[in-house]
C-alpha cells in the first residue's frame, strides 16, 4: 500500500517537473480568435493555418531550439470578449505574442490591450485600412493585405480587361462595407470606369431581389459588391434566380467569396473576380507543399485567412531568430522591414506602418476554383504610408 | 415593526455583506499575488452585475421583463467614452451619463410603459435593436469598429485618487459604487414607493381605487433602472479602454436576464451573485469548448424550470427565518 | 409618359411583387407563432430556431437522396413529435406558474440558444444552399419572376387557406378555439386540453419547419438563420393581433409592402426601424392588434 503511494507520488512529482520544464522551454503564442459566433468559419481557417505552421516549425526544432505552443481563446467575434480573452492570454497564460483577431473592431481594441501589456499583436485577417493607417499602433502588425491593396489590384485589372466599364455598386450598409465600396469606386474611376449608381442593403439582408429593379434599370456591365459570408450566398444565388448574371461581370472584396461560402453559392459564383493576397494556384514550391500539407491535415483547401496565418508563424520565427530574443522591443525592431518567404511569395513588413507588402493577385472563379488572372507588384498595390504615430 | 418586505431586504443586505467580504478577500489575494487578469475580470463581472440589478428592478419589482436594458448600458458606455476622451474626469463622465440615462429613461419609459407583459418585453427588445443599429451606422461613434483610445484616468476622491488602470484599486472602487447603487435601489424599494410597485404587480386594477396613479411609479422605476444601467455602462470604457456596438446588442441584454433569473429575481443581490457565477462559468467553459452556449442555455433552462426563484431566492428564505428569530425579544 | 411606365414596370411593380413574396415568407413563419401565442399564451422565443430546424432536417434528408417534394410532407411530420415533446417536457413544467408569460418566454429563449449552438455543433458554421427545385422564370406583364417564387406564393396561399380551414371549420379547430377561450370550460365539456395544447404547439412548430423547407432554396441554410425572421414575425403577429390568423395575413402583406416601398424611396436601412416603429405605435394605440385574439370575439 505504502509503496503504491510512493510510486504514485513520485510519478506525480516527475510529471509536474516535466511539465514545468516543458513550459519554460516553449514560446507561447496566444490565439484570440472567433471559434464561435458569426466568424467561426474564419477562426477555423486561422486555427488550421497556425497549427500547420507550428507543427512544421516544431518538427524542425522550433524557434532557437524552443518549441512553439499555441494557446487558444474563443473571442466570439465580439470585441468585448476578445479584449477580456487577450488579457487572460497576456496575464495568465503569459504568452509572448498574440494573433488571431478577425473583425477590425476586435483588432483595434485588442491592440490597445497589447500596448498596455507591452506585448505585440499581429492580425492575419482584419482588412480595415485604419489598422495600419490613422489608428496604427506600435504594437500592432498586419501580415495580410489591407482593403486598399485589394482594390488597387482589382481596379488595375478592370481597366485593362474592360476599359471604361460601366459599374454598379452594391454594399452592405455599415462603415466597413461602405468604405470598401468607396475605395474601389475611387480606384476604378481613376482608371476610367464609369459609376452608374450604388445601393446599400442592411447587413444580413434576407432578400436582395428588391434592389434588382434598380440594377436592371441601370444596365451595368460590371457589379461590384462588398457583402460577405451568408449575405454573398443570398445575393449571388438570388441574382442567378432572377437571371441577372447574364452579360454581367461580378467583382467584389476578398471576403465576398471564400472557401466558407463558395460551395453554397455554387454555379452563381462562376466568373466572380476579386483582388486578393492568395490563391491555392500560386505557382511556387512553397505553396505547392503548403496546399498539399493543408489538405492532408484538414480535408479542406486553405484560403487567404489560413495562408496568412500560416505565414505569420514563419514571420515570427524569423523575427525572433533575428532578435535572438522574444523581448517585445527587440522583436518589434526585427519585424520592421522583415522580408520572409510564404506560400504567397516573399512578403516585407513596411517599417513605417507595420503593413505587409506582397504581390497582389486578381483571381476569378472558374469551375468552382479560384484561378489567377492577373498580378500587381507589392510596391504598386500598397499605397502611401499614412501612419503618424511612430 | 418589521414586515415581510423589510425582512427580505435585510436578508439581501446580509447576502450582500457576504459578497462584499468575499470580494475583499479576493482583492487581498489578488493584490498579494500581483494578479491582473482575475481582478479585472471580477471588475467586469461587477459592472455587468450593475446592469443585471437594473433588470431585476424591473423584473423583480414591477414584473416587467426588459429585453433591451443594454440600450441604457450602451448609452452610458458610449457617452462616458466620449466624455473621457475630451475631459479625462471620472466625475464629469458619471454626471453626464446619469443625466443622459435619466432623460433617455424618461423618454423610453413613456413609450414602453404604455404596455404590459409580453408586449413590454417585445417593445424593449425592438427599441434596443433599433438603437444598436443606429450606433452601428454612425461614423462619429466609430460605427462597427467602436471607439478606441479611452485614456486611463485618475479618479479624484478628494483625499486620495485611484487609477482606473490599477487592478485592485479600480476593483474596490467599482465594488463600492455598485454597493452604493444597490443601496439606493434597495432603499427606494423599501419605501412606500416600493410597496406601491409590488402592489401594482399583484393587482394593477385596484391601485387607482386606493388613490394612486399607476403610470408614475412604473415610470419612476423604469428611470431608476435606466440610470443604474447607464452608470454601470459608464464604468466599462474606464476598465477596458474602448466601447463597441456589441455592448448594445441583444446578447448583452439577454445575458443580463440570464444573470438575474439564475441569481434570483427580486432579490437585487442575486444579480451580483449571478453575474459572478456566469462570468466564472463562461471563463471556464469557454476554455474547453466553443459551444458554451449549449451549456449555458441548458443551465439556464434548468434554472427556469427547477429553480424559479434563482439561487439567492432559494437561499434567502432561510436567512429571513434566521432574522425573524433574532427579532423576537 | 413612357418613362413613367418604364419606371413602374422596371422598378415599382417588381418591388411590390418581391414584397409579396417576402410577405408570404413572413406569414408562413408568423402563422405558427400566432397560433402558439393565441392558444397557449406562450411567446415562443425559439420559433426562429424551429424554422431553422425544418431547414436543417430538409438539408440532412436531401443529402441521403430524398426529393424536395417528399420533404415538404416529411419535414412537418418530423417536426410534430419534436414540438409535442418540447411542449410536454418543457413548457408544461412552467405553464401553470403565475408568471406564465415571463417564464415561458425565458424558457424558450434558453431553448433557442441551445438549438442554435447545436446546429453549429452538427453542421458547422458555414452556409449551405439546397438546389432550387424549380428553375427558370415566368414573365407576368413583362415583369420577370423566378418560377420558384411564383410557386412559393401559390403554395403559401394554399397553406394559409388550409390552416384557416383547420382552425375555423373543423371539429379539431373548434376544440382548439374552445380551449383558447376558456380552458376550464373546454375541459369540462370533454376537450382533452392537455393534448390540445401540446398538439397546437406541435402544429405551430411544424408550420415553422415547413417554412424552413420552403424558404431554404432562396435564403440558404446556416445556424443563425432563425434570427432573420424573428423580429419581423413578432411585429406581424403583434400588428395583426396576437393569435389571429387573418391578422397575420393582413399585417404580413401590409408590412412587407411598406418595407419594400421604404427600401425603395427612403433607404433599405430604414425599412426595419420603420416597421418596428409601426409596431410601437400599434401597441400604444391598439394593443390588441388589428384583429384581436384567437377564440375571442
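Chains as they are written, first to last, in my numbering: chain P, 4 to 393; chain U, 1312 to 1640; chain G, 21 to 317. By construction, the Cβ of each residue, glycine as well, lies at the ideal position given by its N, Cα and C atoms.
Q | Contacting residues, own chain, Cβ-Cβ under 7 Å from residue 179 of chain P (five flanking each side not counted) | A | As a position in the first chain, residue 179 of chain P is number 176, starting the count at 1. Within the same chain, residue 179 of chain P has close Cβ partners 107, 131.
Q) Can you list the residues of chain P that residue 148 of chain G reaches, using a CB-CB cut of under 7 Å? A) Translated into the one-based positions of the third chain, residue 148 of chain G becomes position 128. Simply 267.
**Q.** Where residue 204 of chain P falls: helix, strand or coil (DSSP)
**A.** The residue labelled residue 204 of chain P in the question sits at position 201 within the first chain. If DSSP states are grouped into helix, strand and coil, residue 204 of chain P belongs with the strands.
Q. So the beta strand (DSSP E) residue 1372 of chain U belongs to, where does it begin and stop?
A. By 1-based counting over the second chain, the position of residue 1372 of chain U is 61. Here residue 1372 of chain U belongs to no beta strand (DSSP E); instead the alpha helix (DSSP H) covers 1348-1372.
Q | C-alpha gap between residue 1628 of chain U and residue 1510 of chain U, whole angstroms | A | Position 317 of the second chain holds residue 1628 of chain U. Position 199 of the second chain holds residue 1510 of chain U. Approximately 21 Å between the Cα atoms of the pair.
Q. Got a sec, what are the start and stop residues for the beta strand (DSSP E) residue 374 of chain P sits in?
A. To locate residue 374 of chain P, count along the first chain from 1; it is residue 371. That run of the beta strand (DSSP E) goes 372-379.
Q | Which of helix, strand or coil DSSP assigns to residue 364 of chain P | A | Along the first chain, read from residue 1 onward, the residue named residue 364 of chain P stands at position 361. Of the three classes helix, strand and coil, the one that applies to residue 364 of chain P here is strand, per DSSP.
Q.
Is there a Cβ of chain G sitting closer than 7 Å to that of residue 304 of chain P, yes or no?
A. Taking the first residue of the first chain as position 1, residue 304 of chain P is located at position 301. Chain G contact via Cβ: absent.
Q. Helix or strand or just coil, what does DSSP make of residue 26 of chain P?
A. Position 23 of the first chain holds residue 26 of chain P. With a pLDDT of only 47 at residue 26 of chain P, under the threshold of 50, the placement of this residue in the model should not be trusted, and no figure is reported.
Q: Give the secondary structure of residue 1503 of chain U by DSSP, where H, G and I count as helix, E and B as strand, and everything else as coil.
A: Residue 1503 of chain U sits at position 192 when you count from the first residue of the second chain. Of the three classes helix, strand and coil, the one that applies to residue 1503 of chain U here is helix, per DSSP.
**Q.** chain G within 7 Å of residue 1604 of chain U, Cβ atoms only
**A.** The residue labelled residue 1604 of chain U in the question sits at position 293 within the second chain. Residue 1604 of chain U counts as touching chain G.
Q.
If I measure Cβ to Cβ from residue 368 of chain P and keep anything under 6 Å in the same chain, skipping five residues before and after, which residues do I get?
A. Looking up residue 368 of chain P in the first chain gives position 365. 272, 273, 275.
Q) Helix or strand or just coil, what does DSSP make of residue 1576 of chain U? A) On the second chain, position 265 is the one that residue 1576 of chain U refers to. Looking at residue 1576 of chain U - three-state DSSP - the assignment turns out to be coil, as it is neither helix nor strand.
Q. Can you name the residues of chain P whose CB is closer than 8 Å to the CB of residue 157 of chain G?
A. Within the third chain, residue 157 of chain G is the residue found at index 137, counting from 1. Ordered by position in chain P, the residues that pass the 8 Å Cβ test against residue 157 of chain G are 244, 245, 246.
Q. In terms of residues, what are the limits of the beta strand (DSSP E) holding residue 344 of chain P?
A. Locating residue 344 of chain P in the first chain gives position 341, counting from the first residue. Start and end: 342-345.
Q. Is the segment 148-167 of chain G close to the segment 227-247 of chain P, with three or more CB pairs under 8 Å?
A. yes
Q) Using a beta-carbon distance below 7 Å, is residue 188 of chain P in contact with chain U? A) The count along the first chain starts at 1 and reaches residue 188 of chain P at position 185. Output row for residue 188 of chain P: interface = no.
Q: Kindly indicate which residue of P:29, P:95, P:288 has the alpha-carbon position closest to the one of residue 1348 of chain U.
A: Indexing the second chain from 1 puts residue 1348 of chain U at position 37. Nearest option by C-alpha distance: P:95.
Q.
Taking the straight line between their C-alpha atoms, what separation do you get for residue 261 of chain P and residue 1409 of chain U?
A. Indexing the first chain from 1 puts residue 261 of chain P at position 258. Indexing the second chain from 1 puts residue 1409 of chain U at position 98. Approximately 46 Å, taken between the alpha carbons.
Q) Using 8 Å as the Cβ pair cut-off and three pairs as the minimum, do the segment 304-315 of chain P and the segment 45-56 of chain P touch? A) yes
Q) Which term fits residue 1446 of chain U, buried or exposed, when burial requires 16 or more other beta carbons within 10 angstroms of its beta carbon? A) Taking the second chain and counting its residues from 1, the one referred to as residue 1446 of chain U is at position 135. Burial call: buried.
(Q) Just verifying my parser: in three-state terms, what is the DSSP assignment at residue 32 of chain P? (A) As a working mapping, residue 32 of chain P is identified with position 29 in the first chain. Three-state result, residue 32 of chain P: strand.
Q) Would a C-beta distance cut-off of 7 Å place residue 153 of chain G and residue 88 of chain G closer than the cut-off? A) Against the third chain, residue 153 of chain G aligns to sequence position 133. Against the third chain, residue 88 of chain G aligns to sequence position 68. Yes, the Cβ-Cβ distance between residue 153 of chain G and residue 88 of chain G is below 7 Å.
(Q) DSSP three-state label for residue 175 of chain P, please. (A) Looking up residue 175 of chain P in the first chain gives position 172. Strand at residue 175 of chain P.
Q. Tell me which same chain residues have a C-beta within less than 6 Å of the C-beta of residue 277 of chain G, skipping the five on either side of it?
A. Residue mapping note: residue 277 of chain G aligns to position 257 of the third chain, counting from 1. Answer for residue 277 of chain G: 39, listed in chain order.
Q: Answer yes or no: does any C-beta atom of chain U fall closer than 7 Å to that of residue 123 of chain G?
A: The residue you call residue 123 of chain G lines up with position 103 of the third chain. Judged by the 7 Å Cβ criterion, residue 123 of chain G is in contact with chain U.
Q.
Here's a check: name, in chain order, each residue in its chain whose Cβ is nearer than 6 Å to the Cβ of residue 252 of chain G, leaving out the five neighbours to either side.
A. Along the third chain, one-based indexing puts residue 252 of chain G at 232. Once the five neighbours on either side are set aside, the close Cβ partners of residue 252 of chain G are 46.
Q.
Using a Cβ-Cβ cutoff of less than 8 Å, which residues in the same chain neighbour residue 1610 of chain U once the five nearest sequence positions on both sides are dropped?
A. Along the second chain, read from residue 1 onward, the residue named residue 1610 of chain U stands at position 299. Here the set comprises 1573, 1592.
Q) Is it true that the segment 1583-1590 of chain U meets the segment 1390-1405 of chain U, where meeting means three or more beta-carbon pairs spaced less than 8 Å apart? A) no
Q. In chain order, which continuous runs of the beta strand (DSSP E) of length 3 or greater are located wholly inside the segment 1445-1482 of chain U?
A. 1465-1467, 1472-1474
(Q) List, in chain order, every chain P residue whose beta-carbon is nearer than 7 Å to that of residue 189 of chain G. (A) Numbered from its first residue, the third chain carries residue 189 of chain G at position 169. Residues of chain P passing the Cβ test: none, with the nearest at roughly 33 Å.
Q: Using only alpha-carbon positions, find the residue among G:225, G:200, G:227 that is nearest to residue 214 of chain G.
A: Here residue 214 of chain G is taken as the residue at index 194 of the third chain, counted from 1. Among G:225, G:200, G:227, the Cα nearest to that of residue 214 of chain G is on G:200.
(Q) Against residue 236 of chain P, what residues of chain G qualify as contacts under a CB-to-CB distance less than 8 Å, listed in chain order? (A) The residue you call residue 236 of chain P lines up with position 233 of the first chain. Result: 147, 149, 240.
Q | Every unbroken alpha helix (DSSP H) inside the segment 155-201 of chain G [4 residues or more] | A | 167-189, 191-201
Q) At a Cβ threshold of 7 Å, is residue 37 of chain P touching chain G? A) Along the first chain, read from residue 1 onward, the residue named residue 37 of chain P stands at position 34. No, residue 37 of chain P lies away from the interface with chain G (no Cβ there is under 7 Å from its Cβ).
Q | Under 7 Å (Cβ pairs) to chain G, residues found in the segment 1411-1436 of chain U | A | 1422, 1425, 1426, 1428, 1429, 1430, 1432, 1433, 1434
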